[in-house]
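Everything below concerns the one structure shown next.
Numbering (this note's numbering), first residue to last: 40 to 208.
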C-alpha cells in the first residue's frame with residue numbers, strides 16, 4: 040500500500056529583499072511569538088524582531104491569511120486594552136516619581152487615534168453595533184481626560200497653596 044503524501048499548508052512566498060534581518064531558517068512558531076509580543080507591545084516592528092522575522096513578512100502574511108489577520112487585530116485589541124487599563128491605573132494612583140516613565144498625554148493620544156479600529160474589532164468580536172462601542176470608548180476617554188485634568192489641578196493647587204506655618208506660642 041503506497042504511503043500518502045502529507046498535505047502541505049499554504050506558504051507565503053517572500054522576496055529576498057523582505058528577508059533582511061531574518062534568520063536563515065524561520066522558527067515555525069514565529070506567528071505565535073509575533074502575536075504574543077504584539078499583544079504586549081502593540082508595536083508591529085518590535086513584535087516582528089522578537090519573532091525573528093522582517094516586519095514586511097508579517098504584513099504580507101496578514102494580507103494573505105485571513106485567520107492570521109483576525110488574530111493580529113485581536114492582539115492589537117488586547118494591547119489597546121492593556122494601555123487603557125495602565126492609563127486608568129496611572130490616572131488613579133498618579134505617576135510615581137521614582138518609577139518607570141509613563142506619558143499619560145501620549146497614552147491618551149494613542150487611545151484616541153486607535154479607538155475606531157478597536158471599536159470595529161470589538162464589534163466584530165462581540166457582534167454588537169459599532170456606534171454603541173464607539174460611544175462607550177468616547178465616554179471612557181472623556182472620563183480619563185477629566186481624571187487627568189483633576190489630577191493636574193490638584194497638583195497645581197498643592198504647589199501654589201503651601202500650608203502656612205502655625206504660630207506656636
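Backbone N, C-alpha and C fix where the C-beta goes; we use that ideal spot for every residue, glycine too.
Burial state of residue i, where buried means 16 or more other Cβ atoms lie within 10 Å
i, result
"residue 157", "buried"
"residue 141", "exposed"
"residue 124", "exposed"
"residue 176", "buried"
"residue 198", "exposed"
Straight-line Cα distance separating residue j from residue i
i, j, result
"residue 160", "residue 191", "33 Å"
"residue 131", "residue 196", "17 Å"
"residue 67", "residue 162", "31 Å"
"residue 89", "residue 122", "20 Å"
"residue 115", "residue 186", "25 Å"
"residue 144", "residue 135", "16 Å"
"residue 194", "residue 170", "36 Å"
"residue 106", "residue 112", "10 Å"
"residue 174", "residue 119", "16 Å"
"residue 129", "residue 189", "13 Å"
Same chain only: Cβ atoms within 7 Å of residue i, ignoring 5 sequence neighbours per side
i, result
"residue 117", "78"
"residue 127", "183"
"residue 133", "190"
Where residue i sits in the DSSP three-state scheme
i, result
"residue 186", "helix"
"residue 11", "The structure shown has nothing for residue 11, since the chain only spans 40 to 208."
"residue 82", "coil"
"residue 94", "helix"
"residue 99", "helix"
"residue 142", "coil"
"residue 137", "coil"
"residue 76", "helix"
"residue 131", "helix"
Chain B within 9 Å of residue i, Cβ atoms only
i, result
"residue 70", "In the displayed structure, chain B is absent; only one protein chain is listed."
Contact set for residue i: own chain, Cβ-Cβ below 8 Å, skip 5 residues either direction
i, result
"residue 180", "147, 150, 151 and 154"
"residue 265", "It is not possible to answer for residue 265, since the shown part of the chain is limited to 40 through 208."
"residue 83", "77, 94, 97 and 98"
Residues of its chain near residue i, where Cβ-Cβ distance is below 6 Å and the 5 sequence neighbours each way are ignored
i, result
"residue 74", "110 and 114"
"residue 76", "86 and 89"
Cβ pair count under 8 Å reaching 3, the segment 141-157 against the segment 97-109: Verdict: no, contact absent.
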